[in-house]
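A quick write-up on the structure given underneath.
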Amino acid sequence: MMSAVPVIQLFPRRTAAVVETTGPESGIVAAANRDARLRAMVDVHFDFIWRSLRGLGVPAANVDDAAQHVFWIAAQKLDVITVGSERAFLFSTARGVAANARRARARNREQADDGTIELMSDASLDPEQAAQKSQARQLLERILAEMNDDLRTVFVLFELEGLTSIEIAEVLSIPVGTAASRLRRAREEFQLAVTKLQLERGDR
Amino acid sequence: MKDPARLHSSPDSTDLEKELLASWDERPPRDGRAKTLAMLGLAGATTIAGAATAGASIAPKAATAGWLVMAKWTAVAVIAIGAAAAGVGIATRHHEDAAPIAKATATVRTPDPIPTPTATIESTAKTIDTPIETTHHVTQTHVAQVVPVGASTLTEQVAALDRARAALEAHDGAKARKLALAYEAEYPGGAFTQEAELVRIEAFSRDGNRAEAERAGKRFLAMYPKSPHAPRVRTLLGQDP
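Residue numbers (the numbering used here), protein chains in the order written: chain A, 1008 to 1211; chain B, 93 to 333.
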């Protein structure tokens, strides 16, 4: 009669360079696999998430912390993130983090966004160019802030991050047609806002 | 379906539209990855080298902090490896963060002797997944979803955290950790994220799970070095507050 034998004993050490583990070693292997996966997520997606957070309205002063927060949440939830959907998970989390950051900022309006200061200190631009760019950036942020979250998200992903509609649909887990529709509306809102600006400025 | 031309390069766009979009030149800090990896306790040799390369662009204080964090995590890794070599602790840990890999295949150097596991990976994974799967935050579907945070209220967050704290006070560390994780899943970036993490760290500490308490505690300090809870976390880690 065969007795129940732990799997690990079926693969003697001397012959098993590669083993399937179900015993305590599997905890080590799982931890190593987990760390490797997490590291890959950071390596591949950090820049995208960091820029997306800025596009979603996280102030420059807070974006580093916000990006770390996104990956920290991912580390907590790594077990349930489907392989292949890492970017979608991270971006989805970033939207939540950004929404909180925007609310916090609204509660604390006196907090200065030093992104403007960074632009002003861009050594590649002369002071006039830097000021012009800074102003343009502020106007862009103002227009984005007036869009609703769904439209802003699609606009940022398409116009600023360069994703395709198909990629946006994957990231947001929405039909491609919905992504395209939101993009069309977002672009219309952007163009309308710019037209208003032009009328206000009385130029161009 | 063909995408439209991007506005910044479309001949139909106005100069002002192009100017506004051209003002977008966000670039992440060169040491951003390294800092994030350090925060996650993944600061390996490659990352450290990368951080050193990027060092010129790092403010001295930030660079020092980054190195300290990485050094701390390296120390934790050494302790963990030592514990594993001794055949205790790591081999049988079943923390919430462990990936539930039911059937891992890898090159393994077998240590002597192998203690009988207290639970299979499958059963551990089931235990781990329960609190997360019952939340709205993440599912096993193709793409994880975040519940709009706006749908929640501060009162609900307080109640959720209170439940975790109550479990902690009732000396039910496992339940406290599950409820704290459930809070973090339900309210990503919520108002009491730090408090929820503190519950988890305290629960690990009270349960005598030193390795996990250190792991979570050091991560907390890396993320929130100026938190009002940082002194408490340092105390739990046996450091000077």
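Glycine included, each C-beta is placed from N, C-alpha and C at the ideal position.
With a cut-off of 8 angstroms on the beta carbons, I'd call residue i and residue j a contact; round off their distance for me.
i         : j         : result
A:Asp1071 : B:Pro121  : 7 angstroms
B:Leu328  : B:Glu304  : About 12 angstroms; that fails the 8 angstroms criterion.
A:Ala1108 : A:Val1065 : 4 angstroms
B:Arg324  : B:Leu290  : 7 angstroms
A:Val1178 : A:Ala1095 : 5 angstroms
A:Ala1176 : A:Ala1186 : 4 angstroms
A:Val1216 : A:Ile1173 : Absent from the model: residue 1216 of chain A. The displayed extent of chain A is 1008 to 1211, so no value can be given.
A:Leu1045 : A:Ala1074 : That belief does not hold up - the Cβ atoms of A:Leu1045 and A:Ala1074 are roughly 14 angstroms apart, past 8 angstroms.
A:Leu1063 : A:Ala1101 : 7 angstroms
Taking C-beta pairs closer than 8 angstroms, name the residues in chain B that residue i reaches, listed in chain order.
i         : result
A:Lys1203 : Those do not exist, as A:Lys1203 stays about 11 angstroms from chain B at its closest Cβ, beyond 8 angstroms.
A:Ala1074 : Pro120, Gly124, Thr128
A:Leu1147 : Leu112, Leu113, Ser115, Trp116
A:Val1049 : Arg125, Thr128, Leu129, Leu132, Leu134
In the structure shown, what three-state DSSP assignment does residue i receive?
i         : result
B:Pro205  : Note that B:Pro205 scores a pLDDT of 37, beneath 50, so its modelled location is shaky; the value from the coordinates is reported in the next line. The answer is coil: DSSP assigns B:Pro205 none of H, G, I, E or B.
B:Glu118  : coil
B:Leu134  : coil
A:Asp1072 : helix
A:Glu1168 : coil
B:Ser101  : coil
B:Leu329  : coil
A:Val1104 : helix
A:Ser1180 : coil
A:Ile1088 : coil
A:Asp1042 : helix
A:Gly1064 : coil
A:Phe1053 : helix
B:Ser319  : coil
A:Met1154 : coil
B:Thr106  : coil
B:Phe284  : coil
B:Tyr279  : coil
B:Gly309  : helix
B:Lys94   : coil
B:Asp123  : coil
B:Arg324  : helix
B:Gly300  : coil
B:Ala262  : coil
B:Gly179  : With a pLDDT of 34 at B:Gly179, under the threshold of 50, the modelled position of that residue is not reliable, and the figure given next carries that caveat. Note: B:Gly179 maps to coil in three-state DSSP.
Under 9 angstroms between beta-carbons, which chain A residues line up against residue i? List them in chain order, please.
i        : result
B:Thr106 : Gln1198, Val1201, Thr1202, Gln1205, Arg1211
B:Gly281 : Ala1073, His1076, Val1077, Ile1080, Thr1100, Gly1103, Val1104, Ala1105, Ala1106, Asn1107, Ala1108
B:Asp95  : Phe1165, Thr1171, Ser1172, Ile1173, Ala1187, Leu1190
Using the Cβ count rule (16 or more neighbours within 10 Å means buried), how would you classify residue i?
i         : result
A:Glu1148 : buried
A:Arg1144 : buried
A:Arg1061 : buried
B:Val250  : exposed
A:Ala1113 : exposed
B:Lys94   : exposed
A:Val1090 : exposed
A:Glu1207 : exposed
A:Ile1080 : buried
B:Pro333  : exposed
A:Thr1028 : Low per-residue confidence applies at A:Thr1028: pLDDT is 47, beneath 50, and the placement is therefore not dependable enough to give any value.
A:His1052 : buried
B:Asp107  : exposed
A:Arg1191 : exposed
B:Asn301  : buried
A:Asn1155 : exposed
B:Arg119  : exposed
A:Glu1135 : exposed
B:Thr247  : exposed
Which chain B residues sit within Cβ distance under 7 angstroms of residue i?
i         : result
A:Arg1194 : Leu99
A:Leu1045 : Leu132, Leu134
A:Arg1114 : None at all; the shortest Cβ gap to chain B is about 11 angstroms.
List, in chain order, every chain A residue whose beta-carbon is nearer than 8 angstroms to that of residue i.
i        : result
B:Asp332 : Here the premise fails: no neighbours, minimum Cβ distance about 25 angstroms.
B:Ala277 : Gln1083, Lys1084
B:Glu109 : Phe1197, Gln1198, Val1201
Would you mind telling me which residues of chain B sit closer than 9 angstroms to residue i, beta carbon to beta carbon, in chain order?
i         : result
A:Met1144 : Rather than Met, the amino acid found at residue 1144 of chain A in this sequence is Arg. Ordered by position in chain B, the residues that pass the 9 angstroms Cβ test against A:Arg1144 are Leu112, Ser115, Trp116, Asp117.
A:Ser1188 : Correct list: empty, because the minimum Cβ distance to chain B is about 11 angstroms.
A:Asp1157 : None at all; the shortest Cβ gap to chain B is about 11 angstroms.
Find the residues of chain A that neighbour residue i, judging by a C-beta separation of less than 7 angstroms, and give them in chain order.
i        : result
B:Asp299 : Correct list: empty, because the minimum Cβ distance to chain A is about 17 angstroms.
B:Leu273 : Gln1083
Any chance the CB of residue i is under 7 angstroms from a heavy atom of the ligand GTP?
i        : result
B:Ala268 : Only the bare structure without any ligand can be found here, which leaves the ligand GTP out of the picture.
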